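Enquirer:
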Amino acid sequence: MRTKSGKRNFLFTLVTVAIIPTLSFAAEEKNSPEEKISPATVAQQLFKKAQSNDNWKHAFLTGKYAQVVFMNISPNTAPKNEIGQEKHPFDQIIFIVKGNGKAVLNKETSVVKEGDMIFIPEGTPHNVINTSEKEELKLVSIYSDMDIPGDATYKKKEDEIAELGE
C-alpha cells in the first residue's frame with residue numbers, strides 16, 4: 472500500500488525526471504544564452520530520443536521511486552504487436568511519441584496516436600497494441616516504481632522474457 476510519503480516521493484521523482492534531462496540536453500545542445508530551455512523543449516527532446524529508440528525496451532532514467540522507459544512496439548513484436556496484458560502494483564503514465572494503436576484499460580478500448588497520454592492507475596489491467604502492419608508504435612512509459620533493471624535494454628520482447636520471465 473502506497474503512503475503519502477511514497478506519493479510525494481513519486482511526484483518529486485517525476486519533477487526530477489523533467490530536470491535531469493534538461494541538464495543533459497543543455498550540455499548536449501550548446502544553446503546560446505538567449506535560448507531558454509522550457510518544459511516543452513525538454514519534452515520535445517525526450518520524445519525525439521524515444522522516437523529514435525529501436526529496442527523493445529530501454530531504461531532511459533531510473534530513480535528510487537520512478538523509472539522512464541522507452542518502448543518500441545514494432546509490427547514484428549511477438550505475439551500480436553502488443554505489450555501484452557499487464558497489471559502493476561504502481562501507477563504508470565504512457566506518452567505515445569510515434570505511431571497509432573489501441574490502449575485497453577479494464578477491458579475498455581481507446582484509439583491512441585502520437586501526442587496522446589494514457590494514465591494507468593495501480594492495479595489496472597492494461598495493454599497497448601500497435602494497429603499498424605508497417606509502422607512502429609513508440610512510447611515513453613513513466614512508472615512510479617521500477618519495471619525493469621535500471622541499466623536494462625532489451626532488443627526484443629523475447630529478450631526481456633528470457634531474462635525476467637513473464
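Mapping to my numbering: the sequence shown position 158 is 629, numbers consecutive. For every residue, glycine included, the Cβ atom is placed at its ideal position computed from N, Cα and C. This structure is a prediction, so every number in the text was calculated from the model and none was measured.
Give every residue of the same chain whose Cβ lies closer than 6 angstroms to the Cβ of Ser-581, excluding the five residues on either side of it in the sequence, and list them in chain order.
Expert: Around Ser-581: Ala-574.
Enquirer: Hey, how far is the Cα of Leu-494 from the Cα of Lys-558?
Expert: In this predicted model, Leu-494 has a pLDDT of only 44, less than 50, meaning its place in the structure is not dependable enough to derive any value.
Enquirer: For a minimum of 3 consecutive residues, which ranges assigned as the beta strand (DSSP E) are wholly contained in the region 516 to 555?
Expert: As far as the region 516 to 555 is concerned, its whole beta strand (DSSP E) runs of at least 3 residues are 528 to 533 and 538 to 544.
Enquirer: If you run the structure through DSSP and keep just helix, strand and coil, what is Thr-595?
Expert: Coil at Thr-595, not helix or strand.
Enquirer: Taking buried to mean at least 16 other C-beta atoms within 10 Å of its own C-beta, is Gln-515 buried or exposed?
Expert: When all chains shown are included, Gln-515 counts as exposed.
Enquirer: Apart from the five residues just before and just after Glu-500, which ones in its own chain have a Cβ nearer than 6 angstroms to its Cβ?
Expert: Per-residue confidence for Glu-500 stands at a pLDDT of 48, beneath the threshold of 50, marking its modelled position as unreliable; no derived number is given.
Enquirer: In chain order, what residues of the same chain have a beta carbon less than 7 angstroms from the beta carbon of Gln-556, not counting five sequence neighbours either side?
Expert: These residues qualify, in order along the chain: Pro-596 and Asn-598.
Enquirer: From Ser-615 to Lys-528, what does the alpha carbon distance come to, in whole angstroms?
Expert: The alpha-carbon atoms of Ser-615 and Lys-528 are separated by roughly 17 angstroms.
Enquirer: For Pro-504, which residues of its own chain have a beta-carbon under 8 angstroms away from its beta-carbon, when the five flanking residues on both sides are left out?
Expert: The predicted model places Pro-504 with a pLDDT of 49, which falls under 50 and marks its position as unreliable; any figure quoted below should be read in that light. Closer than 8 angstroms at the Cβ level, and outside the excluded window around Pro-504, lies no residue.
Enquirer: Okay, do the region 536 to 551 and the region 584 to 595 touch, 3+ Cβ pairs below 8 angstroms being the bar?
Expert: Judged by Cβ distances under 8 angstroms, the region 536 to 551 makes no contact with the region 584 to 595, as fewer than three pairs qualify.
Enquirer: Can you tell me whether Ser-545 is buried or exposed? The criterion is at least 16 other CB atoms within 10 Å of its CB, across all chains shown.
Expert: Buried, because 16 or more other Cβ atoms sit within 10 Å of the Cβ of Ser-545.
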